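These notes concern the structure reproduced below.
Number of protein chains: 2
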Amino acid sequence: MKLLPLSCVLHALSIVHAFRYDHLVEHVNSHQDQYVQALREWVSVESDSSDVSKRAELHRMMEMTADKLRAMGGNVTLVDIGEQQLPNGEMLALPKVVTAQFISDPLKTTVCVYGHVDVQPGKLEDGWATEPYNLTEINGNMHGRGTSDNKAPVLAWIHAVEAYQALNIELPVNVKFIIEGMEETGSNGLDAMVVAQRDTFLLDVDYIIISDCGWLSLRPALTYGTRGNCYFSAEIEGAKQDLHSGVYGGTVIEPMTDLIGILDTLISPSGKILIPGIREAVDPLTDEEWKTYQDIEFDMENYKNKLGVTELMYNNKVDLLAHMWRYPTVSIHGIEGAFSAPGTKTVIPAKVAAKFSIRQVPSMDPEVVKKQVTEYLEAAFARRKSPNKLKVTMVIGAKPWLANTQHVLYEAGKKAVKRVFNVEPDMIREGGTIPVARTFQDVTGKGIIMMPIGGFDDGMHSQNEKISRYNYLEGTKLFIAYLHEVSQIQKSRV
Amino acid sequence: MKLLPLSCVLHALSIVHAFRYDHLVEHVNSHQDQYVQALREWVSVESDSSDVSKRAELHRMMEMTADKLRAMGGNVTLVDIGEQQLPNGEMLALPKVVTAQFISDPLKTTVCVYGHVDVQPGKLEDGWATEPYNLTEINGNMHGRGTSDNKAPVLAWIHAVEAYQALNIELPVNVKFIIEGMEETGSNGLDAMVVAQRDTFLLDVDYIIISDCGWLSLRPALTYGTRGNCYFSAEIEGAKQDLHSGVYGGTVIEPMTDLIGILDTLISPSGKILIPGIREAVDPLTDEEWKTYQDIEFDMENYKNKLGVTELMYNNKVDLLAHMWRYPTVSIHGIEGAFSAPGTKTVIPAKVAAKFSIRQVPSMDPEVVKKQVTEYLEAAFARRKSPNKLKVTMVIGAKPWLANTQHVLYEAGKKAVKRVFNVEPDMIREGGTIPVARTFQDVTGKGIIMMPIGGFDDGMHSQNEKISRYNYLEGTKLFIAYLHEVSQIQKSRV
Chain A
5 MKLLPLSCVL HALSIVHAFR YDHLVEHVNS HQDQYVQALR EWVSVESDSS
55 DVSKRAELHR MMEMTADKLR AMGGNVTLVD IGEQQLPNGE MLALPKVVTA
105 QFISDPLKTT VCVYGHVDVQ PGKLEDGWAT EPYNLTEING NMHGRGTSDN
155 KAPVLAWIHA VEAYQALNIE LPVNVKFIIE GMEETGSNGL DAMVVAQRDT
205 FLLDVDYIII SDCGWLSLRP ALTYGTRGNC YFSAEIEGAK QDLHSGVYGG
255 TVIEPMTDLI GILDTLISPS GKILIPGIRE AVDPLTDEEW KTYQDIEFDM
305 ENYKNKLGVT ELMYNNKVDL LAHMWRYPTV SIHGIEGAFS APGTKTVIPA
355 KVAAKFSIRQ VPSMDPEVVK KQVTEYLEAA FARRKSPNKL KVTMVIGAKP
405 WLANTQHVLY EAGKKAVKRV FNVEPDMIRE GGTIPVARTF QDVTGKGIIM
455 MPIGGFDDGM HSQNEKISRY NYLEGTKLFI AYLHEVSQIQ KSRV
Chain B
5 MKLLPLSCVL HALSIVHAFR YDHLVEHVNS HQDQYVQALR EWVSVESDSS
55 DVSKRAELHR MMEMTADKLR AMGGNVTLVD IGEQQLPNGE MLALPKVVTA
105 QFISDPLKTT VCVYGHVDVQ PGKLEDGWAT EPYNLTEING NMHGRGTSDN
155 KAPVLAWIHA VEAYQALNIE LPVNVKFIIE GMEETGSNGL DAMVVAQRDT
205 FLLDVDYIII SDCGWLSLRP ALTYGTRGNC YFSAEIEGAK QDLHSGVYGG
255 TVIEPMTDLI GILDTLISPS GKILIPGIRE AVDPLTDEEW KTYQDIEFDM
305 ENYKNKLGVT ELMYNNKVDL LAHMWRYPTV SIHGIEGAFS APGTKTVIPA
355 KVAAKFSIRQ VPSMDPEVVK KQVTEYLEAA FARRKSPNKL KVTMVIGAKP
405 WLANTQHVLY EAGKKAVKRV FNVEPDMIRE GGTIPVARTF QDVTGKGIIM
455 MPIGGFDDGM HSQNEKISRY NYLEGTKLFI AYLHEVSQIQ KSRV
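Protein chains in written order, with my numbering: chain A, 5 to 498; chain B, 5 to 498.
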């Protein structure tokens, strides 16, 4: 926060920078087809950061993002953040991080919008109803991989700046962008960049805004916490190549049997994590939290219907929300190296690697989790007395994040939501992980807010991901309004 | 077996049909490049019967086989065996079965060679060192999917007939062929065809010969038994689509956790099948069997080295061979529907199906096994009190087979091996399954022999499958010699 000398304030009042919200809204409404076209172009790029064979597309996506911001007159840099080491030892260039600056007045408040333009894997054969990389609008929903997570929100922020520019209204605050391309695999390389630019690019940033999440219901929400993500690979290797299960079955100790055996020790049927130390590290639920959760608008039946399930892990709202947001959980995602195609292959896979992750919560440390999981699985494997080889690796160790909901940023957020949607937002947490939130918090000490615009049913990470045209447009308006409300924080402090 | 009137025997003696073995061998040696080229053409067809998207290639493979046999003057029929029902309810045409007849004299003995030209799946990314469908010869080994299993052995039988034809030597016995295209997925439709043609095509067949297996060591072998194969799919379905593991993890009961839990009840770390009734159904090992196994040439160290493992499930030869051939085993092949690609996908898969199989042995009935497995898994699943849905399906139920090694066919086989390789064959069983063997036995009551020419290290069903040029050529010679030896059985009986 900067304290402005009175002379500056007087000068600022004399120039044209009125907040003509209605004009801005009109501009957004009349440009919606251009916005959809921009999203279509971005979605057409298969910027899957987890699939190294798609790396060229990811590089292209970063260049497109930089080009877009440059064309708007931003001061754009593509920041080299180095290489990643692949499991086979090879080095692969990370996608550059795009930074951009739209500085209308160095004396104004400066916000930095963080987003990402990489996406989860998406293949038609996974059960998509439409081509994942061909934006397809059905009944007001625009389907495509990466629409809601996170390309449309990033574009909405860009459109918000464009709208001010188009109407020759001075930006109420300076706006910076940090757009990365490795979020879906743990923001590899970004932490180091944030540390490196703390005293340069980030020095004059007052607040950081993240719009990489979704609402809980039809009611708009502000998000004040995320879970972390410790993503593991447990690989078991036996024979030097796959074997015919008829010819060799019964003579060899099969890696799949070993792997199933150790995976089955991770979590109980009722959802209890069985790894010693994990549950003990979790903060107890406070009465205040209980009250907050109790007050949140959340329809259990609606949630079940949306998912298409008859029962949930917990049958009351508070337990369910608590286990969605503030308790850790284990998910087993799949097994690499085993037979996964349709049909019948009679194979004993030689090397199989299970992928599973633990969503951890504020008082848990990824490095401790790594040790707990590794030792636990190694002990379970040792009990089997198998001659096969086990290798446990933590491939992502992203930290959770928790904000103070009394912060001025959240007060400003509530005002912006009220202006655009005419309701009070739900104050929610997010079960998923935005790895960089915690880093921004730890490294810069700046205020951070998460302001989602994704719908509760957008299907991030699943088939048929979408964002509605409504959320995309109203989200753009929300961001326009929020830039104004943030500028008012400064004024109220002056 | 036919009894010939004396006049016919005298007539037969007056025509030229001497067994000019040296000439035939010379012909084989001088035509080896043509044989390799024929194999190359067959291997180039991706006739994967388990992948329904490859069905057109499979049909083409059957046509090529028919064309080849027709060009040799065979009386060839493409037998329509109907359709198969896919898991989604759709019907798909089965590949036609090729039958062919080379009848030199209706009064002679008639053998019927069974083989198949469909293959296991094979993809470069599974770890093949060469393109699976591009025959590649390295140090005398010809690599390619389906080389040893079963295209080269089928071609070797064809070359054996061709050699007699080329040298104008009358075939010592009539030769028929039954070549199918669904062996790798359980010979769907073939059983019904065998039943239907029992009193027509199969009526005058005296013996059935199958060459769809491999030797145990460098020593040639004759095979007198196979295990069956009950191949299961256990599918668990939860939400109506995949979910983000951050957003939903902790609130839903995950199908993968359920599936891992029930799979872990199938088999103990020391290889014991835990499904009640399975082990009880197995015949006890007789002293005679023990002695037979004890005498077989089998080097445990060599076997371990070939597989690249430090320990086997049993550390003595008899136990190991017995569990390879005459005890059942469970193998878990993989999981369809879960995340199986490289990288990190944070997904809760909505519907996952484990593929596993039980190699069952002569006194076990597939229908009983199906019931035992289904009830056992359903009970294990019920104990979890999961709201998800479990569906257990036995997709293959192929029976085991056991022959009498004192049969004249085996005596003739030993003579042929002795002539070509100048050694006594090992008498072995096969851990894998040749589903039709048992059907031929049950339906026709004819004598059946398995005469392998595949090498012990051919890697059927695994990466880098191969057959050596040596085995391909010497195998052709073995089949040439065997046709002669079978004709001598008839003579000795007249």
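Ideal placement from N, C-alpha and C gives every residue a C-beta, glycine not left out.
Note that the structure is a prediction, hence the values are computed from the model and not measured.
### Task
Enumerate in chain order the residues of its own chain whose CB-to-CB distance from Lys127 (chain B) is below 8 Å, with the five nearest sequence positions on each side excluded.
Pro136
### Task
Rank B:Leu394, B:Asn309, B:Val121, B:Ile107 by C-alpha distance to the C-alpha of Glu174 (chain B) and give the top, closest one.
B:Ile107
### Simplified DSSP assignment, three categories, for Asp37 (chain A)
helix
#### Entry: Close beta carbons around Ser249 (chain A), own chain, < 7 Å, minus the five adjacent residues each side
Thr350, Val351, Ile352
### Query
If we ignore side chains and look at the alpha-carbon of each, how far apart do Pro280 (chain A) and Tyr380 (chain A) end up?
8 Å
### Message
Please tell me whether Ser221 (chain B) and Glu293 (chain B) are closer than 8 Å, where the distance is taken between their beta carbons.
### Response
no
### Query
Around the Cβ of Pro91 (chain A), are there at least 16 other Cβ atoms within 10 angstroms (buried) or fewer (exposed)?
exposed
### Task
Could you name each continuous beta strand (DSSP E) segment of 3 residues or more that falls completely within the stretch 48-92 of chain A, going from the start of the chain to the end?
79-83, 87-89
### Query
Under 8 Å between C-beta atoms, does Ala342 (chain A) make it to chain B?
yes
### Task
Within the same chain, show all residues whose beta-carbon is closer than 6 Å to that of Lys481 (chain A), passing over the 5 residues directly before and after it, in chain order.
Val29, Val32, Val424
### Query
Which bits of chain B does Glu258 (chain A) rub up against, with CB to CB less than 8 Å?
Ser335, Ile336
### Backbone secondary structure at Ile457 (chain A) - three-state DSSP
coil
### Query
Along the chain, which unbroken stretches of the beta strand (DSSP E) at least 3 residues long are found entirely within the stretch 231-286 of chain B?
233-241
### Task
Verify whether the separation of the beta carbon atoms of Asp216 (chain A) and Lys450 (chain A) is less than 8 Å.
no
#### Entry: Residues that Leu394 (chain A) contacts on chain B, provided the C-beta gap is smaller than 7 Å
Going along chain B, no residue has its Cβ under 7 Å from Leu394 (chain A), so there is no contact; the nearest lies around 13 Å.
### Message
Helix, strand or coil for Gln376 (chain A)? Go by DSSP, reduced to three states.
### Response
helix
### Task
Kindly indicate the opening and closing residues of the alpha helix (DSSP H) around Tyr414 (chain B).
412-425
### Message
Going by DSSP in three states, Ala357 (chain B) sits in which element: helix, strand or coil?
### Response
strand
### Task
Check the Cβ-Cβ distances between Gly347 (chain A) and every residue of chain B, and say whether any is below 8 Å.
yes
### Task
Would you kindly work out how many angstroms separate the C-alpha atoms of Tyr228 (chain A) and Ala441 (chain A), rounded to a whole number?
10 Å
### Task
Could you name the residues of chain B that Tyr252 (chain A) contacts, counting a contact when the two beta carbons are closer than 8 Å?
Leu311, Met328, Gly435
### Task
Return helix, strand or coil for Gly298 (chain B), following the three-state DSSP convention.
Residue identity differs from the one stated: residue 298 (chain B) is Gln in this sequence, not Gly. Three-state result, Gln298 (chain B): helix.
### Message
Strictly below 8 Å CB to CB, what residues from chain B border Gly86 (chain A)?
### Response
Ordered by position in chain B, no residue passes the 8 Å Cβ test against Gly86 (chain A), which lies about 19 Å from the chain.
### Query
Can you name, in chain order, every residue of its own chain whose Cβ lies under 6 Å from the Cβ of Phe444 (chain B), other than the five neighbours on each side?
Ile212, Ile452
### Query
In this structure, does DSSP put Phe205 (chain A) in helix, strand or coil?
coil
### Query
Would a check of beta-carbon distances place Ile400 (chain A) closer than 8 Å to chain B?
yes
### Query
Name the chain D residues whose beta carbon is nearer than 7 Å to that of Arg59 (chain A)?
The structure shown has no chain D; the protein chains it does contain are A and B.
### Task
Go ahead and pull the three-state DSSP assignment for Asp216 (chain A).
coil
### Query
Do Ile266 (chain B) and Ala384 (chain B) come within 8 Å of each other at the CB atom, strictly closer than that value?
yes
### Task
State buried or exposed for Thr189 (chain B), treating a residue as buried only when at least 16 other CB atoms are found within 10 Å of its CB.
buried
### Message
Tell me which residue opens and which closes the alpha helix (DSSP H) that Leu98 (chain A) is part of.
### Response
No alpha helix (DSSP H) holds Leu98 (chain A); DSSP gives it neither H nor E.
### Query
At least one CB of chain B closer than 8 Å to the CB of Met431 (chain A): is that the case?
no
### Message
Is there a C-beta anywhere in chain A that falls below 8 Å from the one on Ser390 (chain B)?
### Response
yes
### Query
Going by DSSP, which residues form a beta bridge with Leu406 (chain B)?
B:Gly229
### Query
Hey, Asn154 (chain B) and Ser48 (chain B): beta-carbon distance below 8 Å or not?
no
### Query
Just the Cα atoms here: how many angstroms apart are Leu14 (chain B) and Val177 (chain B)?
The predicted position of Leu14 (chain B) is uncertain, since its pLDDT is 45 and thus under 50; a value taken from the coordinates is nonetheless stated next. Taking the straight line joining both Cα atoms gives about 17 Å.
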